[in-house]
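What follows is a set of notes on a single structure, which appears directly below.
Numbering (the working numbering), first residue to last: 445 to 505.
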């Protein structure tokens, strides 16, 4: 179960990074390129992914 949680969190993190990079215009070729709403949405998604990783790997004492 821990592996599945980590994989899901990493997928969310990767999507957030993609949206962030498209939002700042680093990755071109999409309607999302250079759009600030994708930058902000990407940042929030990255934070959710990082929170998911922390949650998946918390110690169970």
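Even glycine gets a Cβ: it sits at the ideal position worked out from N, Cα and C.
Residue 461 and residue 491 have their C-alpha atoms roughly 10 Å apart.
Distances from the alpha-carbon of residue 495 to those of 448, 445, 454 and 475 put 454 closest. For residue 480, the uninterrupted alpha helix (DSSP H) segment begins and ends at 480-500. In the three-state scheme derived from DSSP, where H, G and I count as helix and E and B as strand, residue 477 is classed as coil. Residue 493 is a Cβ neighbour of residue 456, given a cutoff of 8 Å.
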